[in-house]
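Read top to bottom, the protein sequences are chains P and X. First residue of the first sequence? That's 1 in our numbering, and the numbers climb one at a time after it. First residue of the second sequence? That's 1 in our numbering, and the numbers climb one at a time after it.
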Amino acid sequence: MDWQALSLSIKLSFVTLLFLLPIGVFLGRWLAYRQFWGKSLLQTLLALPLVLPPTVLGYYLLVVFSPQDGLGLWLLNTFGTSLIFNFQGLVLASIIFNLPFAIHPMQRAFAGIPREVREAASCCGMKPALVLWRIELPLAWPGIISAMVMCFAHTLGEFGIVLMIGGNIPNETQTIAISIYDRVQSFDNQAAAIMSFSLLLFSMLTISFTYWLSARSEQIYD
Amino acid sequence: MKLPLFKAQLYLGFFLLFFSSSIIKAADTPLIAAASNIKFALQDIAQSFQKDTGKSLRISYSSSGNLTRQIQQGGPFELFLSANKQYVEQLYQQKKTVDQGVVFALGRLALLASSHSNLVLDEQLIGLKKSLQDNQLQRIAIANPEHAPFGFAAREVLQQHGLWQSLQGHLVLGENAAQATQFASSGAAQAGLVSYSLALAPSLKNHVRYVALPSTLHSPLQQTAVLLSNAGVTAKLFYQYLQQEKAQSILSRHGFNRP
Chain P
1 MDWQALSLSI KLSFVTLLFL LPIGVFLGRW LAYRQFWGKS LLQTLLALPL
51 VLPPTVLGYY LLVVFSPQDG LGLWLLNTFG TSLIFNFQGL VLASIIFNLP
101 FAIHPMQRAF AGIPREVREA ASCCGMKPAL VLWRIELPLA WPGIISAMVM
151 CFAHTLGEFG IVLMIGGNIP NETQTIAISI YDRVQSFDNQ AAAIMSFSLL
201 LFSMLTISFT YWLSARSEQI YD
Chain X
1 MKLPLFKAQL YLGFFLLFFS SSIIKAADTP LIAAASNIKF ALQDIAQSFQ
51 KDTGKSLRIS YSSSGNLTRQ IQQGGPFELF LSANKQYVEQ LYQQKKTVDQ
101 GVVFALGRLA LLASSHSNLV LDEQLIGLKK SLQDNQLQRI AIANPEHAPF
151 GFAAREVLQQ HGLWQSLQGH LVLGENAAQA TQFASSGAAQ AGLVSYSLAL
201 APSLKNHVRY VALPSTLHSP LQQTAVLLSN AGVTAKLFYQ YLQQEKAQSI
251 LSRHGFNRP
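As C-alpha cells, then:
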C-alpha cells in the first residue's frame, strides 16, 4: 500500500470538498429556485464534465495554464507558480470535473423542499440567510451529504486529468489512482492488487452509503 | 439539526489544507525526471546514494518525450535522465538546462517474452519472423516510437530486419518502455522489443525469457543526465554520483553499457 499516495488523494478530496461545498450550495439552490435568462446554457456547461472525456479537460487546462504564455505566464510571474504539475493545479481540476457531481444532487435536494415551507418561513419574518440555515439546509442535508460523498470518491478515482496536468510526481501529484498505474508499470502486481482492492471496497461503501441516505430521505418525506 | 457534522467537515478540510501542505515543502528532496527504462537501476543507485550521503530523492518516471514536454511546461524537476541525447539537446536550446549534460550509460534492446509464450527468441529475430509467417503472432509490444527512445530504437531494428511493414496491425504501443515491458511480460502480448535493463528487473525473474539484441542495428541509446536550471545542491551531488564508479557498476549490473 502506497500510504503517501493515499494520504495525498484523501487530502485532495477534502480540499476539493472545501471549495465545492459552498459552490454547490450556492449554485444548486440558485438553479433550484430561480428562473433566469441563460439558465439552460449554464446547466449545460455545469453538466459538461459528466460526458466530456477527462483528457479533453486535461488538454484545455494544459493549454490555458502552460507557463509559456498567457494566463499561465502571468500566474508564474505574479505568484511564482503555474497550476501545472503541482497540487494546486490538481485542486482546480478536481473542482471543475466534480461540479456536476456536487451541484446536481444539491439542486434536487433544494428543489424537493416544498415551496410553502419556504414561504411560510419568510412570512414569519425570517431573513433569507436564516431561512437557509434553519430551514433549507436541515431539510436538504441528505442531498448535500450524498453530493459530498460522490465528489470525494470521484476525486479519489480520477486518473486522466491528474496524469495529464499533474504528471506523476511522488508526494505532490501521485494520487492513489496514479500509484496503481505506476505499480503495474513497475511489475509490482501485488501492491497494485492491494490498492485496487481497497479502492473497490471503498467505492462499494460509498455507493451503499448514498443509497442508504436517499432511502432515508424518502422516508422523511413520506 | 445535523449542522455540527457539516462544521466538523469544514474544520477537517481546513486542517488538512494547511497542515499537510507544510509537510510537502519541508524537506530538500529534489525531484528527478527519469526515463522509465532506468527505473530499477535508479532505485538501487538512489538507495546507495542515500546510504552514502544521507540525502533522499523523489523520482517521477515516464517516457523521455513526455518528461521533456513536462519540463518545457515548467514541471518542478531539478535533474533529467533521458534515454537519448536529442531531448536533452532540445531542452538545452530552449535554455531549460544548465549545459548539454553528460552521457552516463548506453541502453540496450532485448527481445522479451513471457515464459508461457512458445515464441523462439534469438538475436536475429528468426523465431519472430517465422511466427509471423506461420500466422502465429498476434501482438508484439514496443514503446511508442513517437516519444519513447526505446520505441524509436525498436522501430529501427524492425526496419533493418524488413519487418516493420509486415508487423503493422500486430504492434501494441506502450506509453513508455516500462509499459511495453509489462504488456509482454504479462503475456498480453506474445513478445516485446523492450529495454534490456527492464528485462533484468528482479520482479520479472522466472516470469520471462529474453535475449539481448546487438546494438549495431539502431542509433545509440545514449542515457543522458542533465541538470535543469533550478537544480539545487542535492541534485548536483547526485549528478556527480551518477558518473562515479559505484553508480556505474550498478548500471552495468542492470544491463547498461558504459559510455
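Where is the CB? At the ideal position from N, CA and C, for every residue including glycine.
query, result
"Option in W74(P), I165(P), L17(P), S66(P) with minimal Cα separation from H154(P)", "L17(P)"
"Cβ pair Y196(X), G127(X) closer than 9 Å", "no"
"Endpoints, the alpha helix (DSSP H) within which F101(P) is located", "87 to 111"
"Residues near S179(P) in its chain [Cβ-Cβ closer than 6 Å; skip 5 each side]", "D2, A5"
"Runs of alpha helix (DSSP H) lying entirely within the region 122 to 181 of chain P, each at least 4 residues, in chain order", "128 to 131, 137 to 157, 160 to 166"
"Buried or exposed (CB count within 10 angstroms, at least 16 for buried), S182(P)", "A small correction: the amino acid at residue 182(P) is Asp; Ser does not occupy that position in the sequence shown. D182(P) is buried by the Cβ-count criterion."
"Exposed unless 16 or more other CB atoms sit within 10 angstroms - verdict on Y60(P)", "exposed"
"Residues near C151(P) in its chain [Cβ-Cβ closer than 7 Å; skip 5 each side]", "T16, L17, L20, N98, F101, A102"
"Chain X contact residues for D2(P), given Cβ-Cβ distances below 9 Å", "The premise fails here: D2(P) is roughly 13 Å from chain X at the closest Cβ pair, so nothing lies under 9 Å."
"Exposed unless 16 or more other CB atoms sit within 10 angstroms - verdict on G125(P)", "exposed"
"Closest Cα partner of G112(P) within the set L139(P), L199(P), N86(P)", "L139(P)"
"Residue burial classification, I71(X) (beta-carbon count within 10 angstroms, cutoff 16)", "buried"
"Status (buried if at least 16 other CB within 10 Å, exposed otherwise) for T53(X)", "exposed"
"Proximity of N176(X) and A41(X) at Cβ, strictly below 9 Å", "no"
"Contact the region 194 to 211 of chain P vs the region 39 to 57 of chain P: 3+ CB pairs below 8 Å", "no"
"At least 3 beta-carbon pairs within less than 8 Å: the region 131 to 150 of chain X vs the region 90 to 101 of chain X", "no"
"Whether Q223(X) touches A83(X) by CB criterion (9 Å)", "yes"
"Neighbour flag for L6(P) against chain X, beta carbons, 9 Å", "no"
"Of the residues A46(X), P145(X), A212(X), the one placed nearest G174(X), counting alpha carbons only", "P145(X)"
"Sheet register partners of L81(X) (DSSP bridge)", "A34(X), A225(X)"
"Distance, S122(P) Cα to A129(P) Cα", "10 Å"
"R155(X), DSSP secondary structure in three states", "helix"
"is_contact[Q185(P), chain X] using C-beta, thresh 9 Å", "yes"
"Beta-carbon neighbours of S62(X), restricted to chain P and to distances below 8 Å", "G167, N168"
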